[in-house]
Amino acid sequence: MSAISSSPTEAERFCRHFGTCGGCSLQDKPYEDQLALKKGKVLAALAGISGLPEPALVGAPDVWNYRNKMEFSFGDVYPPVEGEWLKLGMKPKGRWYEIFNLEECRLPSPEAAKLLASVRAWAEREKVPPYNSHKKEGVLRHLVIREAKNRPERMVLLVTTNSQIPKPSFIEAVQRAYPATTILLGSNAKASDTAISDSLEVLTGSGFITETLYFPDGAVDYRISPHSFFQTNTKGTEALYGLLRAWTRELPDASTVLDLYCGGGGIALSLAGAARKVVGVELNPSAVADAKANAERNGFKNCEFYCSAVELLLPALLDLRPEAVVVDPPRAGLHAKAAATLLEMAPPVIFYVSCNPESLARDLKILGAKYAVERLVVVDLFPHTDHVETVARLVRLL
30 MSAISSSPTE AERFCRHFGT CGGCSLQDKP YEDQLALKKG KVLAALAGIS GLPEPALVGA
90 PDVWNYRNKM EFSFGDVYPP VEGEWLKLGM KPKGRWYEIF NLEECRLPSP EAAKLLASVR
150 AWAEREKVPP YNSHKKEGVL RHLVIREAKN RPERMVLLVT TNSQIPKPSF IEAVQRAYPA
210 TTILLGSNAK ASDTAISDSL EVLTGSGFIT ETLYFPDGAV DYRISPHSFF QTNTKGTEAL
270 YGLLRAWTRE LPDASTVLDL YCGGGGIALS LAGAARKVVG VELNPSAVAD AKANAERNGF
330 KNCEFYCSAV ELLLPALLDL RPEAVVVDPP RAGLHAKAAA TLLEMAPPVI FYVSCNPESL
390 ARDLKILGAK YAVERLVVVD LFPHTDHVET VARLVRLL
């Protein structure tokens with residue numbers, strides 16, 4: 030597979046927060062150098078495995094403004110500064126207990142910084158206090174944005190401790206700076222510092238946005254709720270899923286594909302048009318609900334989704350006899366029992382999608398008992414960071 034051409038080098042475009050924010054640790058390096066570093070990281074992790082093909086390298090279609098989701102945090106101004114009510118932005122690298130005001134960010138759309146400034150000003154005017162995790166008091170916790178890249182749709186979610194805010198003025202502050210398709214208010218009174226809400230109130234719009242992923246041979250619509258999982262780089266995801274879709278089209282026409290750790294069905298749904306049947310397995314019930322809803326939304330009748338831990342359900346699926354199994358596990362990699370059952374199932378082909386080269390190396394050694402790596406692709410979904418995705422196509426040994 031030929032690599033997607035990367036965007037022009039923009040290493041000179043430093044963000045003013047570079048060095049403080051831990052989000053873009055490679056921003057000072059030309060993009061071509063970033064890709065080389067990521068490929069080297071994968072090769073170093075896989076160095077103990079012999080007979081691997083030379084990895085193809087797929088660069089990001091967009092290296093700036095590519096993220097479709099950002100989570101920002103509120104915090105106190107400490108020590109107090111006259112004229113400053115709160116901080117809204119990100120946490121400095123290595124200092125999770127602090128917040129710095131984010132004045133610019135080149136990862137989401139440019140309007141995101143305007144939204145943060147508008148919400149800061151709103152909170153000061155209305156005297157809505159930030160949440161203090163030490164004192165366990167305050168209201169404002171997180172501001173989350175989600176934006177479609179292929180459709181004109183945006184979501185804003187404000188996470189508070191008790192939802193007690195002046196809602197009309199908040200809506201006005203958002204729409205003035207960052208016109209949103211839907212605005213939601215969430216409540217999280219727990220001590221955990223996450224942008225997850227126990228309850229959600231829709232202030233404007235439908236409470237969700239829709240994104241479309243385009244492939245050379247079709248398109249898939251995805252409904253995205255506030256807490257749905259969706260890959261954060263839309264254009265990069267089209268490249269990643271498009272690769273898996275092309276590999277699936279190489280299978281026999283009557284192919285059945287099993288998608289393990291399927292999340293909200295992102296990969297499974299992208300393969301539905303290329304396979305006779307797709308079966309997904311995922312532990313998170315809300316993600317399974319999203320997958321089923323999106324299958325119905327696209328009119329896919331050949332998709333099934335099951336809510337279970339992969340290692341528990343996989344033995345019951347041995348009789349499925351899929352032509353291919355897709356695995357996209359968390360950073361820890363395949364559960365030991367899942368890997369053992371996968372070897373017992375022994376499908377002709379395995380597509381392994383990994384966000385962690387170290388766990389990928391471990392699992393490839395385990396699967397090497399019955400499989401050889403036929404293709405290896407390094408995919409960059411996160412320009413300017415040290416994160417990297419790797420896709421391996423494994424074929425069963427005769």
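Take 30 as the starting number for the sequence shown in this note's numbering and just add one per residue. By construction, the Cβ of each residue, glycine as well, lies at the ideal position given by its N, Cα and C atoms.
The beta-carbon distance between V173 and I212, rounded to whole angstroms, is 11 Å. This is too long to meet the 8 Å contact definition. The beta carbon of A398 sits closer than 8 Å to those of L372, all from its chain and outside the five residues before and after it, given in chain order. DSSP places E100 within a strand segment (E or B) once states are collapsed to three. In the DSSP annotation of this structure, the continuous segment of the alpha helix (DSSP H) that includes G295 starts and ends at 295 to 300. CA-CA distance, G112 to D227, rounds to 33 Å. Under the DSSP assignment, R350 falls outside any beta strand (DSSP E); it carries neither an H nor an E label. The segment 258 to 275 makes contact with the segment 86 to 98, as at least three CB pairs between them are under 8 Å.
N161 sits in a strand when the DSSP states are folded into three classes. In this structure T190 touches S216 by the C-beta definition: roughly 7 Å separates them, less than 8 Å. Around the beta carbon of P351, a 10 Å sphere encloses 16 or more other beta carbons of the protein chains shown; the residue is thus reported as buried.
From the listed residues S54, D282, H364, I128, the smallest Cα separation to L169 is found for I128. By the CB criterion at 8 Å, V308 and E333 fall inside the cutoff.
In the displayed model, Y270 falls within a helix according to three-state DSSP. The beta carbons of Y95 and K143 sit no closer together than 8 Å. The straight-line gap separating the alpha-carbon atoms of F103 and L214 is approximately 15 Å.
Ranking L347, G292, S79 by CA distance to the CA of A367 puts L347 first. Looking from the CA of A390, the closest CA among A74, L427, K70 belongs to A74. In this chain, the alpha helix (DSSP H) harbouring V339 covers 339 to 342. Look at Y251 here: in three-state DSSP terms it is strand. Uninterrupted beta strand (DSSP E) stretches at least 3 residues long and entirely within the segment 52 to 136 occur at 85 to 87, 98 to 104, 116 to 119, given in chain order. For the options K164, K67, G294, E176, the alpha carbon positioned closest to that of K98 is the one of E176. Closest by C-alpha distance to D62, out of L396, D409, T419, K306, is D409. Taking C-beta atoms as the reference points, W151 and F199 count as a pair closer than 8 Å. In the displayed model, I238 falls within a strand according to three-state DSSP. Distance between S284 and R305, taken at the CA atoms: about 5 Å. Sixteen is the threshold: since fewer than 16 other Cβ atoms of the shown chains lie within 10 Å of the Cβ of F43, the residue is exposed. Less than 8 Å separates the beta-carbon of P121 from that of T49.
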